[in-house]
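Heads up: the sequence shown is residues 2 to 257, going by this note's numbering.
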Amino acid sequence: MRKKWGILFSVLLALTVLAGCGQPESGASGNDVIKVATDAAYPPFEKQEGNGKITGFDIEVIEAIAKAEGMKVSVKHTGWDPLFEAIKRGKMDVGISAMTITDERKKQFDFSDPYFEAKQLILVPKDSKVKSLKDLKGKKIGVQSATTGAEVVKKAFGTTYPGLKGYDDTPGAIDDLANGRVDAVVADNGVVQDYVKRKLKGQFKTVEDQSFEPEHYGIIVKKGNKELLGKINSGLKKIKKDGTLEKIRNKYFGKE
Ligand code: ARG
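As structure tokens, this is what we get:
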């Protein structure tokens, strides 16, 4: 009896090892599947459908880029902070997540050419008197931690501003705005406008601020992964040229 189990175990072990050998190596060249990390809680750029499928503007962009280069993608929701870790450690190949190209991030990752222009935008309750960022002084402001939204608030009110509340994801901040725990949320315009349009219709409004500078989204790879970055930039160039990028943009944001 013992022996039988032993044999069965050995067979299973051998099968597992064999199956493992068939897995493609990461590194993404040729027909490889590139492993794409995203924080799929930032609609309409990336979101998770009820069935777990990840969709959105960014997902269509990276799929189109990969297709143009004869590659395939598999997209995984990692969350925001873990995304950076996963790229750094080489667990994932590419990060696309409405990510603004910043000097600070450029020190740690290699960015593709820009593929989308954005700006920060303030979300407040409909009856709020707030007209600009400085009107929020002394008030509670919700942001997703480690985003450019957090940066603009720190720039205006100091890095230790006590009213600044950081959240792991943006929906968390917006939920707290809906139930009055914060007075405003600062996040990317595309996302804030999407919330106002969809679920927060009538309840909230947006406020612009002159100090908010234009931002550009880029795709990241591990620092030094020139081969993959080259392909991404090449694919991006192609989808800019043949109108695919514009088509995806129009689908999500309408014609300008
Ligand atoms: N554009 C902003 C930044 O780079 C926010 C991006 C947040 N993206 C996300 N998928 N949660 O900091």
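By construction, the Cβ of each residue, glycine as well, lies at the ideal position given by its N, Cα and C atoms. Quantities reported herein were computed from a predicted structural model and do not represent experimental measurements.
From which residue to which residue does the beta strand (DSSP E) around residue i run?
i: Gly-167; result: 165 to 168
i: Gly-143; result: 142 to 145
i: Glu-64; result: Counting along the chain, Glu-64 falls outside any beta strand (DSSP E), though it belongs to the alpha helix (DSSP H) covering 58 to 69.
i: Lys-130; result: No beta strand (DSSP E) holds Lys-130; DSSP gives it neither H nor E.
i: Ser-235; result: Run containing Ser-235: none in the beta strand (DSSP E); it sits in the alpha helix (DSSP H), 227 to 242.
i: Lys-77; result: 73 to 78
State the start and end residues of the unbroken alpha helix (DSSP H) segment that holds residue i.
i: Phe-85; result: 81 to 89
i: Lys-248; result: 245 to 254
i: Glu-50; result: Premise fails: Glu-50 is in no alpha helix (DSSP H) and is neither H nor E.
i: Ala-174; result: 171 to 179
On the CB-based measure, 16 or more other CB atoms within 10 Å of its CB, does residue i come out buried or exposed?
i: Leu-237; result: buried
i: Glu-216; result: buried
i: Pro-45; result: buried
i: Asp-210; result: buried
i: Glu-47; result: buried
i: Gly-203; result: exposed
i: Thr-207; result: exposed
i: Ser-133; result: exposed
i: Leu-165; result: buried
i: Gln-109; result: exposed
i: Lys-36; result: buried
i: Thr-39; result: buried
i: Glu-247; result: exposed
i: Gly-219; result: buried
i: Asn-52; result: exposed
i: Asp-70; result: Just to set this straight, residue 70 is Glu in the shown sequence, not Asp. By the neighbour-count rule (16 or more Cβ atoms within 10 Å), Glu-70 is buried.
i: Lys-232; result: buried
i: Ser-75; result: exposed
In the DSSP output, what is residue i paired with across the bridge?
i: Leu-124; result: Val-186 and Thr-207
i: Asp-1; result: Past the boundaries of the shown model lies residue 1; the chain is included only from 2 to 257, so the question cannot be answered.
i: Ser-212; result: Answer is none; Ser-212 lacks a bridge partner.
i: Glu-152; result: Answer is none; Glu-152 lacks a bridge partner.
i: Phe-158; result: The partner list for Phe-158 (beta bridge, DSSP) is empty, contrary to what the question assumes.
i: Ala-38; result: Lys-77 and Gly-96
i: Glu-261; result: Nothing can be reported for residue 261: it is not among the residues displayed for the chain, which extend from 2 to 257.
i: Thr-101; result: Tyr-218
i: Tyr-43; result: Glu-47
Is it the case that the CB of residue i approaches a heavy atom of the ligand SAM more closely than 6 Å?
i: Asp-114; result: Inclusion of the ligand SAM in the displayed structure is not the case, the ligand content consisting of the ligand ARG alone.
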